[in-house]
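Notes follow the structure.
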Amino acid sequence: MDQKIEKATVLRPNDVIDYADGGIVSKEFAHSQAGSITFFAFDEGQGLSEHSAPFDATVQVIDGEAEVRIDGVAHTVKAGEMIIMPANHPHALHAHQRFKMILTMIRG
11 MDQKIEKATV
21 LRPNDVIDYA
31 DGGIVSKEFA
41 HSQAGSITFF
51 AFDEGQGLSE
61 HSAPFDATVQ
71 VIDGEAEVRI
81 DGVAHTVKAG
91 EMIIMPANHP
101 HALHAHQRFK
111 MILTMIRG
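Residue numbers 11 to 118, in our numbering, belong to the letters of the sequence shown in order.
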């Protein structure tokens, strides 16, 4: 789905982004000096390798479930749940099954 995300309108996060077979899809919803909000859809078997970021980041799973590793500890985060990945701590994501998430990064 390639819809424009309009501000000041009600939206359903699961409808904003679609899965891609064998891939990861991302769509930035908002971006400013204060931070960003990005929608992601991961196909089964996909993920993001371990890295760290200089800011806290919140992962809110909106479909399926994700494995989120923080400092080497695996956390299963299911639809309707969220986890905060602390700044400067190594983290990674893996899709044992398809999942969608909203990533919110706050700078500062």
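Don't be surprised by glycine CBs; every beta carbon is placed ideally from N, CA and C.
Other residues of its chain near residue i: CB distance less than 8 Å, five sequence neighbours each side excluded
| i | result |
| --- | --- |
| Ser59 | Ala102 |
| Asn24 | Ile72, Asp73, Lys110 |
| Ala84 | Glu77, Val78 |
Short Cβ contact (8 Å threshold) for residue i with residue j
| i | j | result |
| --- | --- | --- |
| Met111 | Ile72 | yes |
| Gly55 | Ala105 | yes |
| Ala76 | Phe49 | no |
| Ile27 | Leu21 | no |
Alpha-carbon to alpha-carbon, residue j and residue i
| i | j | result |
| --- | --- | --- |
| Asp53 | Gln43 | 30 Å |
| Ile94 | Gly74 | 18 Å |
| His61 | Lys17 | 31 Å |
| Tyr29 | Gln107 | 12 Å |
| Ser46 | Gly57 | 20 Å |
| Val78 | Thr19 | 31 Å |
| His99 | Gln70 | 18 Å |
| Ala97 | Gly82 | 15 Å |
DSSP beta-bridge partners of residue i
| i | result |
| --- | --- |
| Val26 | According to DSSP, Val26 bridges with nothing at all. |
| Asp73 | Lys110 |
| Thr68 | Ile94, Thr114 |
Same chain, Cβ closer than 6 Å to residue i, neighbours up to 5 away in sequence not counted
| i | result |
| --- | --- |
| Ala51 | Ile27, Tyr29, Val35, Lys110 |
Quick check: the stretch 60-76 against the stretch 105-118, are there 3 or more CB pairs under 8 Å? Because the criterion of three Cβ pairs below 8 Å is met, the stretch 60-76 and the stretch 105-118 touch.
With contact counted as at least three CB pairs below 8 Å, one residue from each stretch, are the stretch 35-51 and the stretch 82-97 in contact? In this structure the stretch 35-51 does not touch the stretch 82-97; the number of beta carbon pairs closer than 8 Å is below three.
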